[in-house]
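Worksheet for the structure shown next.
In this note's numbering, the protein residues as written are 7 to 326.
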């Protein structure tokens, strides 16, 4: 650096003349070394505040570069989001078209089901199955002491016909073969001391004024035997008819051997015939004989019963 000149112009000229001429020597010795623009801010000859400015500029440039990268990422995400929205909309449209086509195919593409012909062989009924099982197990079953045809007497409140009692049993789906078990489960107790041949069972008004005990006893026996004959006649199986008649005659001694041999075997027992749907109810043909008895009533006495009919109904004994 040259010395500062604060003198008058004359002095400046004097000092300048006294300084050695070094410019020509420098130019002759080596060219002037000028730093590059990239290294200008790191030159040791620069002031500190200039270096600070360059540092701040470098920091701002780095920040701008990072922000530009983030903006580019945001643009990419926005574009990707638009593509996804378009794809979702397209998927929804395709699903709607597929559902519509499936609905149309379900109504038109499939052929109607062909009705299968009904089987010609009908399923066996409960009665047929039970009968076959009973016949199959009969040879290996020990006979029971109560395997015959017992009667079951039930008390009633008034005069009920046999037909009404049978309708009641049908309404509760009760079979004769299950009557004892069903009544036992329902806690219905039968009348064990009832005598169907007792004169007290005669409820017909024409017997009220009669005091002849012998006549009343004979009438009770006659009516009871008529009931037994009607019971046998209602059995459709001939073999079972004979078995029941034998039981009534030789086991229970309720009918005489004369009735058994002459009436039952020769005239009453008929070959089995299939009943038609228009056949009359068997209860109608035997109503008069069946309605001669009634079970003893616990709530009404004989004088309170209706006198409009000469018969006094009783439930028909159930046979097993």
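We treat Cβ as the ideally placed atom computed from N, Cα and C, and that holds for glycine.
Is it true that the CB of residue j sits closer than 7 Å to the CB of residue i?
i, j, result
"residue 238", "residue 249", "no"
"residue 234", "residue 260", "yes"
Measure the beta-carbon distance from residue i to residue j and round it to whole angstroms, keeping in mind my assumption that it falls under 8 Å.
i, j, result
"residue 202", "residue 169", "Incorrect: roughly 19 Å between the Cβ atoms, too far for contact."
Going by beta carbon distance, what residues of the same chain come within less than 7 Å of residue i, once the five residues before and after it are set aside?
i, result
"residue 219", "205"
"residue 226", "203, 204, 205, 207, 208"
"residue 266", "251, 255"
"residue 16", "Residue confidence for residue 16 is low, a pLDDT of 46 falling below 50, so the modelled location carries little weight; the figure read from the coordinates is stated next. So the list is empty, once near-sequence residues are dropped."
"residue 216", "222"
"residue 241", "247, 250"
"residue 286", "At residue 286 the pLDDT is 46, less than 50, meaning the model places this residue with poor confidence; the figure from the coordinates comes in the next sentence. Excluding sequence neighbours, residue 286 sits near nothing in its chain."
"residue 263", "255"
Here's a check: name, in chain order, each residue in its chain whose Cβ is nearer than 8 Å to the Cβ of residue i, leaving out the five neighbours to either side.
i, result
"residue 127", "none"
"residue 224", "none"
Span of the alpha helix (DSSP H) holding residue i?
i, result
"residue 259", "Here residue 259 belongs to no alpha helix (DSSP H), and DSSP marks it neither H nor E."
"residue 132", "132-143"
"residue 234", "219-239"
"residue 248", "244-252"
Less than 6 Å separating the Cβ of residue i from some heavy atom of the ligand ZN?
i, result
"residue 135", "What this structure holds is no ligand at all, so the ligand ZN is not there to describe."
Counting only the same chain and skipping the five closest in sequence on each side, list residues whose C-beta sits under 6 Å from that of residue i.
i, result
"residue 90", "none"
"residue 176", "none"
"residue 72", "none"
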